[in-house]
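In what follows, a single structure is set out as structure tokens and then discussed.
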Amino acid sequence: EGLKTIDSFEKRIFWWSMYGYPLVWILLGVVTLFRLEFEYLMLVLLALGLSLSNLYGYIKASRDQSKQISDLMGTAKTIAAVKNLI
2 EGLKTIDSFE
12 KRIFWWSMYG
22 YPLVWILLGV
32 VTLFRLEFEY
42 LMLVLLALGL
52 SLSNLYGYIK
62 ASRDQSKQIS
72 DLMGTAKTIA
82 AVKNLI
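Residue 75 in my numbering is what sits at position 74 of the sequence shown, and the numbering runs on without skipping anything.
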């Protein structure tokens, strides 16, 4: 009941926004450098660091999940092959 298939459009929006936020913070960082507002630059750098760490975590989790699913499928195929032999 709690499982829902993920629509490809929703997935694209999620990943575009995950890559977009750091780009927006970089743009805001450049603007604060040109305006020489160093107080805001510290805030922008903090937000950039947090958004990059969030992006890194989601990328790592996505790769780990893909690996777990492929390992599970390999195990299921092995079990099916053994049952066919018996």
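C-beta: ideal position from N, C-alpha, C; glycine also.
- Closest in alpha carbon position to L29, among L42, W17, L51, is L42.
- In this structure, the straight-line span from the alpha carbon of A62 to that of L56 is close to 10 angstroms.
- One alpha carbon belongs to S18, the other to K84, and they sit about 45 angstroms apart.
- Measuring C-alpha to C-alpha distances from L49 to each of T6, R13, V31, S9 identifies V31 as the nearest.
- Inter-residue distance for R13 and G75 is about 27 angstroms (C-alpha atoms, whole angstroms).
- A straight-line Cα-Cα distance of about 14 angstroms links W26 and F35.
- Taken through DSSP and simplified to helix, strand or coil, L42 comes out as helix.
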